[in-house]
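K.L.:
Here it is, the structure in full.
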Amino acid sequence: DAGVIQSPRHEVTEMGQEVTLRCKPISGHDYLFWYRQTMMRGLELLIYFNNNVPIDDSGMPEDRFSAKMPNASFSTLKIQPSEPRDSAVYFCASSPRQGGTGYTFGSGTRLTVV
Amino acid sequence: AQSVTQPDIHITVSEGASLELRCNYSYGATPYLFWYVQSPGQGLQLLLKYFSGDTLVQGIKGFEAEFKRSQSSFNLRKPSVHWSDAAEYFCAVGARAGGTSYGKLTFGQGTILTVHP
Chain Z
88 DAGVIQSPRH
98 EVTEMGQEVT
108 LRCKPISGHD
118 YLFWYRQTMM
128 RGLELLIYFN
138 NNVPIDDSGM
148 PEDRFSAKMP
158 NASFSTLKIQ
168 PSEPRDSAVY
178 FCASSPRQGG
188 TGYTFGSGTR
198 LTVV
Chain G
36 AQSVTQPDIH
46 ITVSEGASLE
56 LRCNYSYGAT
66 PYLFWYVQSP
76 GQGLQLLLKY
86 FSGDTLVQGI
96 KGFEAEFKRS
106 QSSFNLRKPS
116 VHWSDAAEYF
126 CAVGARAGGT
136 SYGKLTFGQG
146 TILTVHP
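These protein sequences, in sequence, are chains Z and G. With the first sequence counted from 1, adding 87 to any position gets you our numbering. With the second sequence counted from 1, adding 35 to any position gets you our numbering.
Here it is, written out as structure tokens:
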């Protein structure tokens with residue numbers, strides 16, 4: 088298995104531009120999670136899905152952020168418009184059937200908004 | 036809601052020395068517990084997990100952790116640290132079936148480990 092695949096690995100964009108981060112979870116995993124990691128705030132859960140349905144989006148910082156999971160093998164996290172304070176590493180993770188089995192993380196997308 | 040505290044932000048040890056990283060959790064029942072490791076520029080890798088049964092769990096890379104219900108702790112240990120263990124370590128807690136946040140893990144703030152030669 089190729090693991091959780093995120094793209095791009097690095098993204099540099101100008102303030103005000105739309106940014107789309109992509110994630111392909113491990114086949115057969117029912118849960119998908121989006122996290123943001125910064126020095127100041129550590130790992131923050133943004134949103135998670137169960138069987139493609141958003142379960143908890145309370146961590147999404149504001150309306151500029153949106154996430155979708157159109158099918159079991161693909162999810163996107165979109166920021167529109169982007170701001171410098173959105174600069175962070177964004178991780179996608181997936182887990183099978185139940186959260187108690189632990190996550191498999193992707194390698195992350197390092198986003199820099201200038 | 037569950038929460039995790041890692042009291043030590045940064046720990047420095049000498050290569051070959053023993054290591055213990057502390058983790059305390061808050062949860063209404065026995066949770067699922069995990070330790071992850073993150074090397075610079077990488078994602079998080081699962082070291083070990085506790086679900087039930089034996090309270091001393093073994094993980095990869097020679098790590099072990101002990102669940103102590105009375106202390107709400109899940110400390111990570113290694114008897115002899117190698118330079119390659121230098122990384123950031125995260126403790127995480129997950130709710131069991133029926134919990135209000137079932138399916139989601141809550142992570143601690145992390146402990147950075149530096150290993151001196």
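Glycine included, every Cβ here is placed at the ideal spot set by N, Cα and C. Just so it is clear, the structure is predicted and the values come from calculations on it, not from any experiment.
#1: Does the beta carbon of Leu140/G come closer than 8 Å to any beta carbon on chain Z?
#2: Identify the contact partners of Leu132/Z in chain G, using a Cβ-Cβ distance below 7 Å as the criterion.
#3: First and last residue of the beta strand (DSSP E) that includes Val13/G?
#4: Scan the segment 157-177 of chain Z for residues whose Cβ lies nearer than 7 Å to a Cβ of chain G and list them as they occur along the chain.
#5: Determine the direct distance from the alpha carbon of Lys155/Z to that of Arg163/Z, and round the result to whole angstroms.
#6: Flag this pair as yes or no: are the beta carbons of Ala122/G and Leu148/G separated by less than 8 Å?
#7: What are the partner residues of Gly129/G, as DSSP defines its beta bridges?
#8: Inspect the beta-carbon positions of Tyr71/G and Leu79/G and report whether they are closer than 8 Å.
#9: Taking 7 Å as the cut-off, does the CB of Ile134/Z come closer than this to any heavy atom belonging to the ligand SAH?
#10: Which chain Z residues sit within Cβ distance under 9 Å of Phe125/G?
#11: Give the single residue among Lys96/G, Phe102/G, Gly94/G whose Cα lies nearest to the Cα of Ser87/G.
#12: Is it the case that the Cβ atoms of Gly145/G and Gly129/Z are separated by a distance below 8 Å?
#13: Using a Cβ-Cβ distance under 8 Å, would Gln93/G count as near chain Z?
#14: At what residues does the beta strand (DSSP E) containing Trp118/G begin and finish?
#15: Can the beta-carbon of Val150/G be found less than 8 Å from the beta-carbon of Val116/G?
#16: In the DSSP output, which residue or residues are listed as bridge partners for Cys179/Z?
#17: For a contact meaning CB atoms closer than 9 Å, what does Phe98/G contact in chain A?
#18: Alpha carbon to alpha carbon, how far is Pro171/Z from Met102/Z? Give it in angstroms, no decimals.
#19: Cβ atoms of Val176/Z and Thr100/Z: under 8 Å apart, would you say?
#20: By the criterion of Cβ-Cβ separation under 7 Å, what are the contact partners of Gly193/Z in chain G?
#21: If we cut at 8 Å on Cβ distances, does Gly145/G have a partner in chain Z?
#22: Checking 8 Å against the spacing of the C-beta atoms, do Pro114/G and Glu50/G come in under that value?
#23: I want to see whether chain Z comes within less than 8 Å of Arg109/G, judged by CB atoms only; does it?
P.N.:
For this structure:
#1: So, interface residue.
#2: Those are Lys139, listed as they occur along chain G.
#3: In this structure chain G extends from 36 to 152, so residue 13/G is not present and cannot be described.
#4: For the segment 157-177 of chain Z, which is checked against every Cβ of chain G, not one residue is closer than 7 Å.
#5: Inspection of the sequence shows that residue 163/Z is occupied by Thr rather than by Arg. Using only the alpha carbons, I get a separation of about 5 Å.
#6: Their beta carbons are under 8 Å apart, which means Ala122/G touches Leu148/G by this criterion.
#7: Gly129/G has Tyr67/G, Leu140/G as its beta-bridge partners, per DSSP.
#8: Less than 8 Å divides the Cβ of Tyr71/G from the Cβ of Leu79/G.
#9: Questions concerning the ligand SAH fall outside what the structure shown contains, since it holds no ligand whatsoever.
#10: Gly129, Leu130, listed in chain order.
#11: Cα-wise, what sits closest to Ser87/G is Phe102/G.
#12: For Gly145/G and Gly129/Z, yes; Cβs fall inside 8 Å.
#13: No, because no Cβ of chain Z sits closer than 8 Å to the Cβ of Gln93/G.
#14: Looking at the DSSP string, Trp118/G is not in any beta strand (DSSP E), and its letter there is neither H nor E.
#15: Taking a C-beta distance under 8 Å as the contact criterion, Val150/G and Val116/G qualify as a contact pair.
#16: Cys179/Z is bridged to Trp121/Z.
#17: The displayed structure is made up of protein chains Z and G, and chain A is not among them.
#18: Spanning the two alpha carbons is a distance of roughly 6 Å.
#19: No, these two residues do not count as a Cβ contact at 8 Å.
#20: Near Gly193/Z (Cβ distances below 7 Å), the residues of chain G are Gly78.
#21: Against chain Z, the CB of Gly145/G has a partner CB under 8 Å away; the residue lies at that interface.
#22: No; because the gap between Cβ atoms is not below 8 Å, this pair is not in contact.
#23: Inspection of the sequence shows that residue 109/G is occupied by Phe rather than by Arg. No, Phe109/G lies away from the interface with chain Z (no Cβ there is under 8 Å from its Cβ).
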